[in-house]
Structures are given as structure tokens and as C-alpha cells.
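Under numbering that gives the first Met the number 0, the first residue of the sequence shown carries the number 0, and numbering increases by one thereafter.
Inspection log for the structure reproduced underneath, given as C-alpha cells.
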Amino acid sequence: MARTSLRTEDVDRAMEAIKTAFYSNRLDVLSRPERFGAEFDMLELGGITVGDLRCGADVRVRCGELGSYHVNIPVGAALSWHQASGPGQLTVPGTAAVFQPVGSTSVDQWTGEGRILALKIERPLLERRVEELTGRPLRGPLVLEPGMDLTRGRGRAWARLIGTLVDDLDEDVHLLQHPLVAAPLRDAVVNGLLLSADHPWRDALEQPAGGLRPAPVKRAMDAMRERPEHPFTTAELAREARVGVRWLQEAFARYVGMPPMAYLRSVRLERAHADLLAADPRSVSVSAVAHRWGFGHLGRFAEQYRAKYGQVPSTTLRAVDGDTLWIPRGP
0 MARTSLRTED VDRAMEAIKT AFYSNRLDVL SRPERFGAEF DMLELGGITV GDLRCGADVR
60 VRCGELGSYH VNIPVGAALS WHQASGPGQL TVPGTAAVFQ PVGSTSVDQW TGEGRILALK
120 IERPLLERRV EELTGRPLRG PLVLEPGMDL TRGRGRAWAR LIGTLVDDLD EDVHLLQHPL
180 VAAPLRDAVV NGLLLSADHP WRDALEQPAG GLRPAPVKRA MDAMRERPEH PFTTAELARE
240 ARVGVRWLQE AFARYVGMPP MAYLRSVRLE RAHADLLAAD PRSVSVSAVA HRWGFGHLGR
300 FAEQYRAKYG QVPSTTLRAV DGDTLWIPRG P
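Spelled out as C-alpha cells, the structure:
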């Protein structure tokens, strides 16, 4: 858990700070270059990073695929942006821009009068939380609507939470960085976003599945999440759950939406994905990660991984060094 502060008039130093805390990027000053002066305060809290960012001059920031979920809250001036081939978006104060982990990303204009309250949430953290709360594995990225209203209801309350974190960046944050404080704060930020933003899982999150699933189903799911590398069979899981095989299969179909082995495969893919994101490609291979999490057939693993994450495992592994990160060229 690290805190970073930067004050600089050097564009390259500003780019490096954004890269270290958030993403690889290309920052271009669009006007009034003599006014450029980056003021960045950032704090990482184990899976999320919050920042209070100002540039002084009008800039454009272009990134490749983020790989994480991200929210920008503009303060003082509007923010224009787009992702992949999607339409341009204009986010005004009182609303938030919500970015997906997939698709090249560009903040097309960030005016010098405005600041951005930035929030990065690691993709495995957010998606795992949805799975934990609903009891169902995701089959791809969680598709969040690109905008949030922060002027009322849950959106307003969530924005106040982010504002509180940002306000404390100027203070002694040792308390915020303590694990006993950081973990609940992180959970509040993640859970608050899931309950405030619009997405297909909102209704399911209003009634968390933990209270609806029968205890035997929960026992089987817990066993798979605790030891996903173990070569479970449906019969062994039924013994863990203390029910018959047929009962477990029917209960999973009803309460989880898939067979037990499909759920196990999804958990293994999730763990492999997290390892590939964190690995050094110079010392870790895709096959080693696959075998670590119980995948015996490398080709089948790559196929299943691509279906869930939209890219082959080797691409995720190489992206750690930024080698495959695509940054769009200027006009």
C-alpha cells in the first residue's frame, strides 16, 4: 500500500507517474503549454488506487487497454473521452465516467481548469466480488454503464466516500494504509460502486445469493474456492456437501446456473488470470500457471481463457511489461 505525490512541469515525469499508479499512457498538452503543471496525489489500498489529479493546461491522455475497471469524477470542468470504437462521451461535474477493462481508452480533452478524482479497481477484485455476492461466476467482463449520476441517491453517497478518501490524501494517511482500515475502505468502495452503477447484475446484488443458496451448495462452492487446484470430481464435491450427486447437480443448476465442474473451471480461470496479470513473463510461463491451477490440457485452457477474458493467456502475460499495449497514434 503506497502513497505517491508529484509536483512537476515535466510532461514525461507526469506520464511516468500515471503509468506507475494507473496505466501506460501518452500525454499530450493541447493548449497553453506554459501553464502545464501536474499536481498528482495518489494512494493504493490493495486492489484499488485513488488519485486527485490536476494538470493546469488542457491535455489529452491516451492509453491502451486498461485491464482494470476505472472511474473518473471531473471537478470544475467537463471531461471528454471514448473507449475502443464507441461514441465520444462528455462527462460533466456531478456525474462520473466509468471505463471498462477492455478496449483502447482515450481521455480526449481534460481542461486545465478541472481536476479529476480517479479510481482504479483491479478487474479480478471487482469481478470476484460479484461472484461472491451472487454465487454465480461471470462469463466475461462486468459491463458497467459509461456514466453515473452523483447528484442523488446511492451515487451521491458513493461520491462522498471517494471525496473523503481524496481529502485525506493531503493528510497523514498512515491510518488509511493500516490493513485493519484499508480493507473495509476498499470493500466499501467496491461494494458501493456495484450498488450505485448500472449493470446487468444490479438486481441480483440487491438480494445476495448467500442467503438464498442451500447450505450444501455453499459448502461445495467454498471447497472449490478454497482449493481450486484440487482435482475435484462431482462425487467428491457431493461428499463435501453431504448430499447425493444428483441432488448437488440439480441444486447447482437451479442456484448457480451451471454444473459444479463448470463452476470449478470458472474459479480456476479466475485464479490463473490473476497470476498472469501479476507474473513476470521472463520467469513465468503460461503452461506453469495453467498446471498450477489444475488445467492439464494447455490448448483447451487457452480456448476457455480466451472465451472468458477476450484474449489468449500469453497476451495477458506479455502485457505485464507493456510490450503488447497498443497506444493509438496521434492525428
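Virtual Cβ for every residue (Gly too), placed ideally from N, Cα, C.
For clarity, every value in this text was computed on a predicted model and none was experimentally measured.
Residues sharing a beta bridge with residue i, DSSP
{"i": "Q310", "result": "For Q310, which the question treats as bridged, DSSP gives no partner whatsoever."}
{"i": "H69", "result": "F98 and K119"}
{"i": "V106", "result": "V60 and W80"}
{"i": "D40", "result": "S4 and D51"}
{"i": "V74", "result": "R114"}
Reference residue i, options the options, closest by Cα
{"i": "V285", "options": "A187, E126 and T315", "result": "T315"}
{"i": "T7", "options": "G36, L29, F251 and I161", "result": "G36"}
{"i": "G295", "options": "E228, D197 and L247", "result": "E228"}
{"i": "V28", "options": "F21, L44, A20 and D11", "result": "D11"}
{"i": "G162", "options": "A77, Y68, L5 and G93", "result": "G93"}
{"i": "G293", "options": "S282, A306, R305 and R264", "result": "R264"}
{"i": "Y22", "options": "R31, S4 and Y68", "result": "Y68"}
{"i": "P136", "options": "R270, A1 and H177", "result": "R270"}
{"i": "L192", "options": "A306, A219, C54 and A158", "result": "A158"}
{"i": "K119", "options": "P140, H198 and V97", "result": "V97"}
{"i": "S103", "options": "I115, L116, A117 and G85", "result": "G85"}
{"i": "A83", "options": "I115, S105, M220 and A289", "result": "S105"}
{"i": "A117", "options": "R201, L168 and V142", "result": "L168"}
Inter-residue CB distance, residue i and residue j (contact presumed, cutoff 8 Å)
{"i": "R34", "j": "G113", "result": "So it is not a contact: roughly 13 Å between Cβ atoms."}
{"i": "N71", "j": "A95", "result": "7 Å"}
{"i": "G146", "j": "T233", "result": "G146 to T233, Cβ: 43 Å. No contact."}
{"i": "F39", "j": "A16", "result": "5 Å"}
{"i": "E64", "j": "V101", "result": "6 Å"}
{"i": "L236", "j": "P258", "result": "In fact, because the Cβ distance is near 10 Å, the residues do not count as touching under 8 Å."}
Separation of residue j from residue i, as counted between CA atoms
{"i": "A301", "j": "V311", "result": "6 Å"}
{"i": "E225", "j": "V58", "result": "46 Å"}
{"i": "K18", "j": "P280", "result": "19 Å"}
{"i": "W45", "j": "A182", "result": "At residue 45 the sequence reads Gly, which differs from the Trp that was named. Whole-angstrom Cα-Cα distance: 8 Å."}
{"i": "Q108", "j": "W80", "result": "7 Å"}
{"i": "G87", "j": "Q99", "result": "14 Å"}
{"i": "A356", "j": "D9", "result": "A query on residue 356 cannot be resolved here, the shown segment of the chain reaching from 0 to 330 and no further."}
{"i": "C62", "j": "R25", "result": "7 Å"}
{"i": "V129", "j": "D186", "result": "12 Å"}
{"i": "R155", "j": "P123", "result": "26 Å"}
{"i": "A331", "j": "R291", "result": "Past the edges of the chain, shown from 0 to 330, lies residue 331, and the structure says nothing about it."}
{"i": "L324", "j": "V60", "result": "Because the pLDDT of L324 is 32, which lies under 50, any placement of that residue in the model is unreliable, and the number read from its coordinates should be weighed accordingly. In a straight line, the C-alpha of L324 is about 15 Å away from that of V60."}
{"i": "A277", "j": "D148", "result": "33 Å"}
{"i": "P32", "j": "T48", "result": "28 Å"}
{"i": "T3", "j": "L125", "result": "23 Å"}
{"i": "R238", "j": "P213", "result": "15 Å"}
{"i": "G50", "j": "V165", "result": "7 Å"}
{"i": "T133", "j": "R53", "result": "38 Å"}
{"i": "A1", "j": "P199", "result": "33 Å"}
{"i": "V283", "j": "R299", "result": "19 Å"}
{"i": "M220", "j": "S30", "result": "55 Å"}
Three-state class that DSSP yields for residue i in the structure shown
{"i": "A96", "result": "strand"}
{"i": "G146", "result": "strand"}
{"i": "A187", "result": "helix"}
{"i": "G50", "result": "strand"}
{"i": "T90", "result": "strand"}
{"i": "D27", "result": "strand"}
{"i": "G256", "result": "coil"}
{"i": "L179", "result": "helix"}
{"i": "L137", "result": "coil"}
{"i": "F294", "result": "coil"}
{"i": "P215", "result": "helix"}
is_contact[residue i, chain B] using C-beta, thresh 8 Å
{"i": "M260", "result": "Included in the structure is just one protein chain, with no chain B present."}
Any non-hydrogen atom of the ligand SAH within 7 Å of residue i CB
{"i": "L118", "result": "Looking at this structure, you won't find the ligand SAH or any other ligand, since it has none at all."}
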